[in-house]
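Below is one structure; the comments refer to it alone.
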Amino acid sequence: MSGRSLPLPVLIGSLSSESENETWKIFGLFDQIVVRPRDHGQAGMPVLPRLPVINVQRITLQRAEVFLALFLCIGFLLPLPANTQTNTMSQNQKPPVPAEWLTHAEKTDYRETPSYAETIEYSKRLDQASPLIKFQTFGKSGQGRDLPLLIATEGETFTPEAARRAGKAVILIQACIHAGEPDGKDAGLALLRDIAITKTQPGLLKNLLVLFIPIYNTDGHERVSPYNRINQNGPAEMGWRTTSTYQNLNRDYMKADTPETRAWLSLWNRWKPDLFIDCHVTDGADYQYNITYQHEHHEGVAPGVLAWEERVIDQRVAPETEAAGNIVSWYLEFIDNRDLTKGIRDFNGTPRFSTGYTPIRNRPGILIETHMLKPYRPRVIGTYDFLRFTLAEVSRDPESLLTAVREADQKTLAAGRTYDPARRFPIDFELTDEPTPYKLKALEYHTGTSDISGAPYVMFGTKPVDMTVPMYKTFRVKTAVTRPLYYIVPVQWPDVIEVLRAHGLTLQTTQEPIAIDIESYRFVDVKWAGGPFEGRLMPSFKAELVHERRTFPAGSVIVPLAQESAKVVMNLLEPEAPDSLVHWGFFNATFEQKEYAENYILEKLAREMLASNPGLRAEYEKKLSSDASFASNPRARLEFFYRRSPYWDQQMNLYPVGRIITRLAL
Ligand SMILES: [Zn+2]
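So, in structure tokens, the structure goes:
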């Protein structure tokens, strides 16, 4: 939300209700919403003159109200002062950008971001004006909008085959997956313009090809409002977080419920990019940084890919972005926003997230999160700088990236060719309590007790405060499983098979019924979430390994692990993986009891079982005396016998998918 769009009477009204000794708090609170983000004096940040209202300790509330009203009126009526302080490349270009090539954000001094139609129009103009750029679309949104794609490359290598033949690294940059966070769109359009038109960023396409999605969530992008991002300081209006069916695309990478995700996966499978960057804006605490970033860094990431991210992104791109006038940090999620000294708890993006998905495709996934409270200008410029330095690094040394991803693919492929019960494949991770000291560029903050919520709350000020806090960013493996040679999915689960196809996996459909020894799972301790998540009801459970012989009908699908995307296979089909299709509710019907016994039938059955089985009688009596809730539940007492009788449904809570650990003659 931009400061100027806050309704003035509401703010003044709420201020008037506070007592005089609350003025600091009022200003602290108010400062956070409107004043402070436009008053930052940081390197590379807009520097505006300090207003007298900042020194609030010595003035009365009445005077403060007058100052504030004046400040707000001026703020509403006048354009923001032009920024002359930034030393970032996109604003200090010589020669300056010709007027017809200014982006909408630049033309409006970063107060506005362009609509979908304007973005397409600008993209097509880039295509028409430069042999380096092609505009394409890669699918359709739920509401039928074309999903835009810009391809930037030298030497007419506009197809995956041509780019591969030329030995180019393929970099996919994505913006507006959360359409209320448009920074990447405006940064990317300016960067492609500076590469192809003004040529103030020469050499960035050497050895690489850029795929740029300026607006991924197109439908959400057109749900425009100044009020879509309550925490965010501009642009004046922005799109909405989800698609038109209320799906968060950044939770849809595995289940692939939306047409957008299906289109994205198809694009990915066609190009198999070597590097992925997703552009966002944070929520969370206030601090000095205008841009933060993150990549996954646990054992699920191929070691060579992680080493490349650390060497190139952490050790070169981030410092270069900082040297260009930004303040850069690793992504910051505080344990407690009201007490930053408790430290930072790192984030593990499971494969439902874009940057959690590309690591299981053996590709680096870089998350950019600009800081929501910074004005739009330093957020866009920070993104622009991070992107241009990334391109420069890959352009200078494409081979280290290409080697890292190629080797990771080969290792994944090789590991799937043999079955080794001693070799464990990690599918879930948890943070350890091992702290690393982190030098945090914070802002002064105070806490008070809210008479509205009744709880302590935090007010951030403007004064930079450097502090060292613990950062928890070491993950350990929480769950690991053995890797079978194949999975087999019965034909009667077409939704599951469709998702496997959408991920571009190698599958083999059986022509005949196949009777085979398999491993599978029985689910116990099944519990249900209190409500839907992303439109799905997600079960939690424990999975116990079972060994069975099952017959799979013709048309069932065998999924070999000897493929480059085997980590995707494991993460979809191992039930305990956090984004497995079981967790996403694809098999929910198997958790339902479908036959029910009448009490008077069970009464007779129970008596017969007790009479004929002394062991069962002892077990029943022990449970009666040791489990009070069981003893007081007549239905549970009868069901005790139903579950131990041959009438109980043995397929309930049984995973329909099989793990095959012997070699098949395919
Ligand atoms: Zn986001």
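The numbering of the sequence shown is the numbering used here, which starts it at 2 and goes up by one.
No residue lacks a Cβ here, since even glycine has one placed at the ideal position from N, Cα and C.
Taking 7 Å as the limit between beta carbons, can you name the residues of its chain near Q651, skipping five residues before and five after? none
Under 8 Å between the Cβ atoms of D429 and T480? yes
Helix, strand or coil for H281, going by three-state DSSP, please let me know. Of the three classes helix, strand and coil, the one that applies to H281 here is strand, per DSSP.
Classify L665 as buried or exposed, calling it buried when 16 or more other Cβ atoms lie within 10 Å of its own Cβ. exposed
Helix or strand or just coil, what does DSSP make of W494? coil
State buried or exposed for P379, treating a residue as buried only when at least 16 other CB atoms are found within 10 Å of its CB. Per the 10 Å Cβ criterion, buried.
Can you check the stretch 290-373 for any beta strand (DSSP E) of at least 3 residues that lies completely inside it and give the ranges in chain order? 292-295, 329-331, 366-371
Ligand 1 site residues, beta-carbon cut 5 Å against heavy atoms: H179, E182, H281
Meets three-Cβ-pair contact criterion under 8 Å: the stretch 183-191 and the stretch 400-413: no
May I ask which residues mark the beginning and end of the beta strand (DSSP E) holding S396? Here S396 belongs to no beta strand (DSSP E); instead the alpha helix (DSSP H) covers 377-397.
Is T437 helix, strand or coil by DSSP? strand
Give me, in chain order, the residues of the same chain whose beta-carbon lies closer than 6 Å to that of K256; leave out the 5 immediate sequence neighbours on both sides. When the five nearest sequence neighbours on each side are left out, the beta carbons in the same chain lying within less than 6 Å of the beta carbon of K256 are those of W585, in order along the chain.
Contact criterion: CB-CB distance below 8 Å. Does A666 meet it with respect to chain B? Here chain B cannot be found, since the structure has a single protein chain.
Close-in-space but distant-in-sequence residues of the same chain around Q144 (CB under 6 Å, 5 per side omitted): D220, S245
Would you be able to state if there are at least three C-beta pairs under 8 Å between the stretch 393-404 and the stretch 601-613? Counting C-beta pairs closer than 8 Å gives fewer than three between the stretch 601-613 and the stretch 393-404, which falls short of the contact rule.
Roughly how many angstroms lie between the CA atoms of F218 and I367, to the nearest whole one? A quick correction: the sequence has Asn, not Phe, at residue 218. Their backbone Cα atoms lie some 19 Å apart in a straight line.
Check this for me: beta carbons of Y294 and Y332, under 8 Å apart or not? Going by C-beta atoms, Y294 is nearer than 8 Å to Y332.
Quick one: Cα of L78 to Cα of E101, how far? Bear in mind that a pLDDT of 37 at L78, under 50, signals an unreliable position, so the model cannot answer this.
My guess is that I198 and A153 are in contact by the Cβ rule of under 8 Å, so how many angstroms apart are they, rounded? With 8 Å as the limit, I198 and A153 do not qualify as a contact, their Cβ atoms being about 11 Å apart.
Look at the Cβ atom of S520, then the Cβ atom of P491, and state whether they are nearer than 8 Å. As written in the sequence, residue 520 is Glu, which differs from the Ser given in the question. The answer is no: Cβ separation not under 8 Å.
As assigned by DSSP and simplified to three states, the class of K528: It is a strand residue.
Euclidean distance between Cα positions of Y446 and F461: 4 Å
Y458, enclosing beta strand (DSSP E) - first and last residue: 457-473
Reduced DSSP secondary structure (H/G/I, E/B, other) of Y487: Three-state result, Y487: strand.
For the stretch 382-391 against the stretch 179-188, do three or more pairs of beta-carbon atoms, one drawn from each stretch, fall closer than 8 Å, so that the two count as touching? yes
What are the uninterrupted segments assigned as alpha helix (DSSP H) that are 4 or more residues long and contained completely in the stretch 123-205, given in chain order? 161-166, 184-197
In chain order, what are the residue ranges of uninterrupted alpha helix (DSSP H) at least 4 long that sit wholly in the stretch 581-659? 600-613, 615-627, 629-632, 635-644
Shortest alpha-carbon distance to Y473 belongs to which of R242, P554, E431? Minimum Cα distance to Y473 is reached at E431.
DSSP beta-bridge partners for L210? V171
Taking 8 Å as the limit between beta carbons, can you name the residues of its chain near P514, skipping five residues before and five after? Around P514: T552, F553, P554, A555.
Output the distance between the C-alpha atoms of W265 and A632, rounded to the nearest integer angstrom. 55 Å
Which of helix, strand or coil DSSP assigns to M239: strand
Out of Y439, D279, V497, which one is the CA nearest neighbour of R364? That would be D279, whose Cα lies nearest to the Cα of R364.
For S1, tell me which candidate among N251, V302, Q233, D147 has the shortest Cα-Cα distance. This structure cannot settle anything about residue 1, because the visible part of the chain is limited to 2 through 667.
Determine the direct distance from the alpha carbon of Y247 to that of K535, and round the result to whole angstroms. According to the sequence as given, residue 535 is Glu; it is not Lys. Their Cα atoms are separated by approximately 8 Å.
Is DSSP giving T246 helix, strand or coil here? Coil, per DSSP.
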